[in-house]
Amino acid sequence: MIIATKQLFYAMEVHKLLHFTNPDMSAVSFAMTIHGLMDYELDQSNGNCSYETDKNLLDDYLKWFCEENAV
2 MIIATKQLFY AMEVHKLLHF TNPDMSAVSF AMTIHGLMDY ELDQSNGNCS
52 YETDKNLLDD YLKWFCEENA V
């Protein structure tokens, strides 16, 4: 997942879709955060805790990430 994310980030940089100061570290951080949020949402759904999953942390993170790295 990290290698694919690095390749994606370099492609986004080349095509001027997003800008990264350090694409390699951004890719690692992004991949690990997405993995953690997916695990968290799965844990919350298995525990029948709808309050936390209703917040939609994954979508909020993706929106924030794109805004932070916009060209």
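Once you know that position 63 of the sequence shown is 64 in the working numbering, the rest is easy, because the numbers rise by one and skip nothing.
Note that the Cβ used here is the ideal one computed from N, Cα and C, for glycine as well.
Beta-carbon gap between residue i and residue j smaller than 8 Å
{"i": "Leu38", "j": "Leu9", "result": "no"}
Burial state of residue i (16 or more Cβ within 10 Å)
{"i": "Ala12", "result": "exposed"}
{"i": "Ala5", "result": "exposed"}
{"i": "Ser27", "result": "buried"}
Of the listed residues the options, nearest to residue i (C-alpha basis)
{"i": "Ile3", "options": "Leu63, Gln45, His16, Pro24", "result": "Pro24"}
{"i": "Glu42", "options": "Ala32, Lys56, Met33", "result": "Lys56"}
{"i": "Leu63", "options": "His16, Val15, Ala32", "result": "Ala32"}
{"i": "Phe66", "options": "Asp40, Asn47, Gln45, Thr34", "result": "Thr34"}
{"i": "Ser30", "options": "Val15, Lys7, Gly48", "result": "Lys7"}
* **Any 3 or more C-beta pairs closer than 8 Å across the stretch 15 to 33 and the stretch 55 to 71** => The stretch 15 to 33 makes contact with the stretch 55 to 71, as at least three CB pairs between them are under 8 Å.
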